[in-house]
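This report concerns only the one structure given below.
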């Protein structure tokens, strides 16, 4: 019997991004981003580490436990790029890395540059912290991407050999280890590997890792005891989402990237196995995540202490960690939920993360990255180090460099997040100037989407078909959109946030969908302590911030009147010409006693020109500070 | 020639605290506090460490480099207590510790339980981090206190022997080390030792340490290089206030307690040597400190990263570190500035720290302490540990236990901060129900101060004298006080914030000083980002907060209307009966979309009963959260 889920679940179709908002960003990633990351991997010894040459007394830098994942994510990113548009140099770099991996792989399939070089006798004795299974998962994703892009099976074979070894070591059989990785990733990768190879051992192993997680006795405690350490004593099991079986988890906890990758795997497993109770568990976690733990920018994981979740509604702006990888992981999780059900709630969050937290994490030139994406920055000292850094800025690299390549693989595959093939047609989740080819009911179709979104709310779909064909085009109505117009005379049903245009389509048919895109004031739930009395601005999916580059007064003093008339402005100096800023008049709060820190006299409010820019472009003009939320006053004049 | 400073500088006179606000707090400290700390020092091995029994493979806990300072500060605190009211048990405990110190002291005078036991060959090779000079300084302060309290010279002799050794090692002579301690303390202690013994070697050594600090080549860098480490590479010299010569320092930087102890020593040295340029340096640092780095509670040092200062106006509420020792140090610094000049600006800050940040740091029962004193707390996980702590609460002890004994020595000597003897009479800086004896112009005088301050603004001074005598009584008009009445018909000059009552005093003369004490709204300079649009309350010197114990709604949602009528209330359940709370009506912000974290609909405001309690009593009724600043709205009805 085919379950209800399996009947309704869908898959994404690759579209080509032709123009618009993302084009320069993706070009920067493809040209500067991929090159920068490769060079950094060379410079920092990550590529050389694949040669297993490290010796305790040698000159080579000691590899880190997660270096292999940087390599793998870069290969994955580059493979998508090669698949879209062949690039011999890029392909050669990929093949060079594959060659090194091939040389490194042990006869039994084992492959990990840290353990082979540094602790060869300690394989799989510390899966809580070793990142072995995490690195293996990324290797699988890279292999699948390269195989799909080129048909070349070399890396896929390496990945399968390693997966077979892991399958021989972990599992429910009495002679196998009852463990699972401390950083989830292999679970979702194994499902991809199953879907790519058809080998259901991989599905079974993924299911084992997912279902075994959090069961008693706790594997991480037993594993630590076997090593003679009490590793779990210094980190709660919640950090790893390993405190309870996954279906029984009733809160979003721990390290944010770990959580996202687990939830992705749970959603995939629910889909592939038609497991409704697991789908319900995903839905429960999704709802908690987006209603209690999500920043307005799509950032998640508020604390730098655990790079993760703390308490419901604990969403400070300044200390916001919001790791780039966590927002990328949120896009992955949202896309998986979309495959389970074409519901705009998922695409709304996916879009929120994409246009804000994710887009902010790379500089416009593609060469520098944020690891953390706070909603407010201050001048500060780098108190722990020698060098004094006055402002929070993007960096070209990190010791723990998970973010740049994670972002890169999302960007080189961004065309695959626009549409899903639905049972009765096709659904448009994102508004990106693009072109997609698909088949339906024997017809060969091409759907061109033309738009300047998110700067303009007009989207025109044009269909090419080799024959008239009846199907449904679903167009998402975003959560921020309260007014829109759609062309044509068809009855337009709205279902789970999508407009359903069901008709017999002719070649060259067009649909014009126009969303009104006013500047909106956005307020957080007052359970978010830091945002009470404060407001932020949003236009379309784009969240705004103020940046010191636009102000002569200290940003701390800027207050927005609830009566302020705000309007759009393009061609802001130093920003891409099409970027829409928001301008008007705000107040600057001024003390009446400049010599006293505290006073019984309320500060006075003086008018100042107000400029807000999209959050994602902050930090691209000059170093300075930034704020997403501002205090809002009911005063209308000083 | 006697310099201008030396002519005007004054000294504090010990008063006996008779009744009022501080009585139960000081009793709790004297009874529970001193005992708790002594027991903790026993339990944790600090006292046993004085026996130098630690062996690498033994059972005794390894002493820490600053353990000796805990012992010394407890002796100092207990000595003041014994001096006020003899207590044989306490004196016996002190003498027991002195005996252990005597046994431990080396023939050359060296005395440090950590170095003697753990690294005997490494004496004075790491004064940047070793706390040897810091511990020595506290030993001197303890010795002086015990000598003054009892006339017993045993500890004083130990301290002098150690001081002599240090003097033989550090100094400008070519054969001496050109160093100074990484944690200031010995500088101020040596000046006290000079003032107690009259031996000017101690003054000269203190002056050397102060003047040498921050000169190039940097001693800490040379010392680290000599050890073969690059210790300074991981901590900026600003942390130690060792980046520039002290007179050239133009900002308040680094570890807050370190900074306060240095500034104390600078002020003392300026006073003793009549050094006006050094006094000017103190004045410069004082002004920067109180106008850019001071919390409304008298807390200082906003960051936990360096336990210290960051940037001007960087005064976040939730992350506020505000170490107890730093506020205690601020009281010390303010009292030294008061000795240089009878100016109410210093006493105002001293009082602010005392009634708020300092008073908050001990529980009402004297048994638990805050190390950090934030202005806002949240529910939180203890993310780094096994145990999950939901609320920030006081603890009975700390691994680094500097705060309890520091607080304790301030409390047992609190009577000495009320009055200074001035050239032309006496100045009353604090309003504390007390009695002081002093001599002036051959007359023996007693001044009784009766008051319920800070709950009531009325203070009655009654003078007893054995003969009529002409002198000036200075009474401070606090910065918060804009309306007051003073009895009597004399011309009442106001000078540097003090009312000068100059007359021929007769026995039984009284002066009644009545300060109006309304509830005031207090606003921070808008350069303090976190406080813009927010307000706090103050009545007299007491700063208020809201605490979850008084609320049915989440504290994050509480907003105060600028129109709210606020009134006083005593006898709040769970608090001492005389504590004045502030009550009225506030609003709770309510989202119109409980299922959505973000919305374009502004939250609505519903009335809720408002209760604010003095900051210093928070966390004494039940565990929960607290806020000092609240958003303020101009709305007057929902």
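Protein chains in written order, with the working numbering: chain A, 1 to 638; chain B, 1001 to 1638. A virtual CB, placed ideally from N, CA and C, is assigned to each residue, including glycine. Computed from a prediction, not measured in an experiment: that's the story for all the values here.
{"Query": "8 Å Cβ cutoff, residue 545 of chain A in contact with chain B", "Result": "no"}
{"Query": "Distance between residue 1471 of chain B and residue 1029 of chain B (C-alpha atoms, nearest Å)", "Result": "36 Å"}
{"Query": "Alpha-carbon to alpha-carbon, residue 270 of chain A and residue 242 of chain A", "Result": "19 Å"}
{"Query": "Closest Cα partner of residue 1356 of chain B within the set B/1370, B/1344 and B/1365", "Result": "B/1370"}
{"Query": "Beta-carbon proximity check, residue 1614 of chain B vs residue 1351 of chain B, cutoff 8 Å", "Result": "no"}
{"Query": "Test: residue 523 of chain A CB closer than 8 Å to a CB of chain B", "Result": "yes"}
{"Query": "For residue 1013 of chain B, the nearest candidate out of B/1032, B/1335, B/1194 and B/1215 (CA to CA)", "Result": "B/1335"}
{"Query": "Short CB-CB distance (under 8 Å) between residue 1383 of chain B and chain A", "Result": "For residue 1383 of chain B, the predicted model reports a pLDDT of 46, less than 50, meaning its position is unreliable; a value from the coordinates is still stated below. For residue 1383 of chain B, the answer is yes, since a Cβ of chain A falls inside 8 Å of its Cβ."}
{"Query": "Beta-carbon spacing of residue 1264 of chain B, residue 1332 of chain B below 8 Å", "Result": "yes"}
{"Query": "One or two residues paired with residue 521 of chain A in a DSSP bridge", "Result": "A/537"}
{"Query": "Under 7 Å from the C-beta of residue 423 of chain A: neighbouring residues of chain B", "Result": "Within 7 Å Cβ-Cβ: nothing; residue 423 of chain A doesn't reach chain B, min ~29 Å."}
{"Query": "For residue 1511 of chain B and residue 1431 of chain B, believed in contact at Cβ under 8 Å, the rounded distance", "Result": "Not quite, the Cβ-Cβ distance comes to about 13 Å (not below 8 Å), so this is no contact."}
{"Query": "Nearest residue (CA-CA) to residue 519 of chain A, options A/576, A/571 and A/457", "Result": "A/457"}
{"Query": "Min CB distance residue 1529 of chain B to chain A below 8 Å", "Result": "yes"}
{"Query": "Inter-residue Cα distance where the pair is residue 228 of chain A and residue 122 of chain A", "Result": "13 Å"}
{"Query": "Given 8 Å, three or more beta-carbon pairs between the stretch 143–153 of chain A and the stretch 76–88 of chain A", "Result": "yes"}
{"Query": "Beta-carbon proximity list for residue 244 of chain A, same chain, < 6 Å, skipping 5 on both sides", "Result": "214"}
{"Query": "Backbone secondary structure at residue 599 of chain A - three-state DSSP", "Result": "strand"}
{"Query": "Candidates B/1157, B/1279 and B/1629: closest to residue 1557 of chain B by CA position", "Result": "B/1629"}
{"Query": "Below-8 Å beta-carbon distance, residue 1 of chain A vs any chain B residue", "Result": "Residue placement at residue 1 of chain A cannot be trusted, given a pLDDT of 43 that sits under 50; what the coordinates show is reported in the next sentence. Answer no: the Cβ-Cβ gap between residue 1 of chain A and chain B never drops below 8 Å."}
{"Query": "Alpha carbon of residue 583 of chain A to alpha carbon of residue 608 of chain A, nearest angstrom", "Result": "11 Å"}
{"Query": "Under 7 Å by beta carbon: chain A residues contacting residue 1294 of chain B", "Result": "597"}
{"Query": "Cβ of residue 1386 of chain B within 8 Å of any chain A Cβ", "Result": "Reliability fails at residue 1386 of chain B, whose pLDDT of 44 lies under 50, so the model's placement of it is uncertain and the value that follows must be treated cautiously. Yes, contact with chain A."}
{"Query": "Euclidean distance between Cα positions of residue 1258 of chain B and residue 172 of chain A", "Result": "58 Å"}
{"Query": "CA-to-CA distance, residue 498 of chain A to residue 420 of chain A, given in whole angstroms", "Result": "13 Å"}
{"Query": "Chain A contacts from the stretch 1579–1594 of chain B (Cβ-Cβ distance under 7 Å)", "Result": "1589, 1590 and 1591"}
{"Query": "Exposure label - residue 525 of chain A; buried when at least 16 CB within 10 Å", "Result": "buried"}
{"Query": "As assigned by DSSP and simplified to three states, the class of residue 1512 of chain B", "Result": "strand"}
{"Query": "Chain A contact for residue 969 of chain B (CB, 8 Å cutoff)", "Result": "As displayed, chain B neither begins before 1001 nor continues past 1638, which places residue 969 of chain B out of reach and without an answer."}
{"Query": "For residue 1484 of chain B, the three-state DSSP class (helix, strand or coil)", "Result": "strand"}
{"Query": "Residue 385 of chain A versus residue 1306 of chain B - alpha carbon distance", "Result": "Interpretation of residue 385 of chain A is limited by its pLDDT of 42, a score under 50 that renders its predicted location unreliable; the figure taken from the coordinates is listed afterwards. Cα to Cα, the separation comes out at about 11 Å."}
{"Query": "Chain A within 8 Å of residue 1557 of chain B, Cβ atoms only", "Result": "yes"}
{"Query": "Contact with chain B by residue 476 of chain A, beta-carbon distance below 8 Å", "Result": "no"}
{"Query": "Contacts around residue 1262 of chain B, its chain only, beta-carbon distance under 8 Å, and the 5 residues preceding and following it disregarded", "Result": "1184, 1187, 1210, 1213, 1241 and 1246"}
{"Query": "Chain A contact for residue 1215 of chain B (CB, 8 Å cutoff)", "Result": "no"}
{"Query": "Distance, residue 1218 of chain B Cα to residue 1110 of chain B Cα", "Result": "25 Å"}
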